[in-house]
Amino acid sequence: MGTFIDTVTRTGGTVLDLLRRFSFKDAIDVAIVTLLLYALIKLVRDTRAGQLVKGIILLVALYLLSFYGDLLMLNSILRAFLQSTVIMVVILFQPEIRKALEQVGHSKAVQSITSNLGGKSRDGAETRAAIEGVVEATAILQQLRMGALIVFERQTKLGEIISTGTLVDAGPSGQLIANIFFNKAPLHDGGMIIRGGRVCAAGCILPLTASDSVSAELGTRHRAAIGMSENSDAVVVVVSEETGQISIAVGGKLTRNYNRVTLSETLFAELIGAEGVAQGNGLLGRLGLNKGKKEGR
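Mapped onto our numbering, the consecutive letters of the sequence shown carry residue numbers 18 to 314.
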């Protein structure tokens, strides 16, 4: 009984000593580690990496069993295997790791920091002119039943996407945009990138969404719009060639049934916001401003 009391007393003294020495710096350290562990658990839970973690836990358990059971051959094999596990995980789960890092880069906190550090990347008047040009062009294309895929670049730079198309570098007039997407034009099949309030490139190849939850009725343009918004913070406008319906993709989600007025309002909210200056992170994602029926993930 006395030994038990002594053990409890020593343990309590150790805990109290640690608490007395616990500083604000230690609190920050614990908070950061907790956030990293939470992000890791979320990544594992939401991807196929969860099965790998179960396998690694089993191997670690076998390794401990072989170590304490003095199973020399098994212990040597497992030790060599576990030493290379980190490299194997990076190779096998490169897409998941890349997506997780991209999500960190697209987060509101990081976007806010980079926007404040870098300042406003463009004038609000230029973005306003681009929005007006796109709205005018989509109205023309909607009447003619011609498709369009227009990407507004924000904080995430789309240099790789731009390199797949043809550089244009022109003012965003409605007539120019409509002519590019005329169904006999050579660049009408790809996506158009608007950067800094100007038509930067056209005929660009956009990534398609890999989501299984996307409606089967959506065509390649809509899947490319969702995929582009999944891989960046871009705002993507789509005009359906079959129905003339106008849609917007932001953050991997597609909202549909826009008209000229609601399209203009939503693009202004996303790209310019209440300050009247071009923004890097839109209001649609922050306020949940959705017009039309949700599709996508």
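A virtual CB, placed ideally from N, CA and C, is assigned to each residue, including glycine.
Along the chain, where does the alpha helix (DSSP H) containing threonine 144 start, and where does it finish?
Unbroken alpha helix (DSSP H) run through threonine 144: 141 to 161.
Glycine 261: which of Leu89, Arg27, Leu161 sits nearest, CA to CA?
Minimum Cα distance to glycine 261 is reached at Leu161.
Assuming contact is defined by CB atoms lying nearer than 7 Å, are isoleucine 194 and glycine 164 in contact in what I supplied?
Using a Cβ distance threshold of 7 Å, isoleucine 194 and glycine 164 do not count as a contacting pair.
Please classify threonine 272: does DSSP put it in a helix, a strand, or coil?
Here threonine 272 sits in strand by DSSP.
Comparing alpha-carbon positions, which option in Ile211, Gly207, Gln192 lies nearest methionine 169?
The sequence shown places phenylalanine at residue 169, not methionine. From the listed residues Ile211, Gly207, Gln192, the smallest Cα separation to phenylalanine 169 is found for Ile211.
Taking DSSP's pairing of strands, which residues face methionine 209 in a bridge?
Paired residues: Ile167.
Limits of the unbroken alpha helix (DSSP H) element including threonine 279:
Per DSSP, threonine 279 belongs to the alpha helix (DSSP H) from 277 to 288.
Just mark tyrosine 85 as buried or exposed, buried being the case when its beta carbon has 16 or more other beta carbons within 10 Å.
Around the beta carbon of tyrosine 85, fewer than 16 other beta carbons sit within 10 angstroms, so the residue counts as exposed.
Determine the direct distance from the alpha carbon of glutamine 111 to that of isoleucine 167, and round the result to whole angstroms.
Per the coordinates, the alpha-carbon of isoleucine 167 lies some 29 Å from the alpha-carbon of glutamine 111.
Pick helix, strand or coil for glycine 214, following the three-state DSSP scheme.
Glycine 214: coil per DSSP, three-state reduction.
Run through DSSP, which three-state label would valine 267 get?
For valine 267, the three-state secondary structure derived from DSSP is strand.
Would you mind reading off the limits of the alpha helix (DSSP H) that contains alanine 195?
Its alpha helix (DSSP H) spans residues 191 to 197.
Beta carbon of leucine 158 nearer than 7 Å to that of valine 256
Yes. Within cutoff.
Can you grab the Cα-Cα spacing for the pair asparagine 200 / lysine 59, in whole Å?
Between asparagine 200 and lysine 59, the C-alpha separation is close to 44 Å.
What do you get for tyrosine 275, buried or exposed, if any count of 16 or more other CB atoms within 10 angstroms of its CB means buried?
Buried, by the Cβ-count rule.
Reference serine 228; option with closest CA among Ala97, Gly268, Leu33, Ser40:
The residue with the shortest Cα to Cα distance from serine 228 is Gly268.
Between the Cα of valine 216 and those of Thr226, Leu225, Leu204, Pro224, spot the shortest distance and give me the residue it belongs to.
With respect to the C-alpha of valine 216, the residue from Thr226, Leu225, Leu204, Pro224 having the closest C-alpha is Leu204.
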